[in-house]
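Just below is one structure, and these are the notes that go with it.
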Amino acid sequence: MMNIMSPLVFLIKLAWDCRYRLPLLITVGFMILDIRMQLDINVQTRRIPRPPPRHRVFPENNVNIEEDNLSDGN
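Using the working numbering, you'd call the opening residue of the sequence shown number 3 and step up by one each time.
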């Protein structure tokens with residue numbers, strides 16, 4: 003059991019010791035090499051036309067009502 007835990011403890015200790023140094027080195031390296039990481043998000047919104055429903059069905063009394071009768075006369 004101790005043989006398995008030894009590498010794990012070593013890696014955890016190494017990660018703890020490098021918790022500030024490694025991100026700083028990566029950031030400075032990117033700045034020196036002039037590497038820019040950018041995230042570009044394009045959102046295109048457009049309405050997709052849908053045909054109007056022909057009739058509506060009310061399930062409580064199974065009555066079909068046409069859309070022309072529901073409109074306000076226009």
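Glycine residues also receive a C-beta, built at the ideal position from the N, C-alpha and C atoms.
Would DSSP call residue i helix, strand or coil?
i, result
"D36", "coil"
"I28", "helix"
"L16", "helix"
"I6", "helix"
"V11", "helix"
Just to confirm my understanding: we take residue i, look at its own chain, exclude 5 residues before and 5 after, and list those with CB closer than 6 Å. What are they?
i, result
"N39", "Residue 39 is actually Met in this sequence, not Asn. Around M39: no qualifying Cβ."
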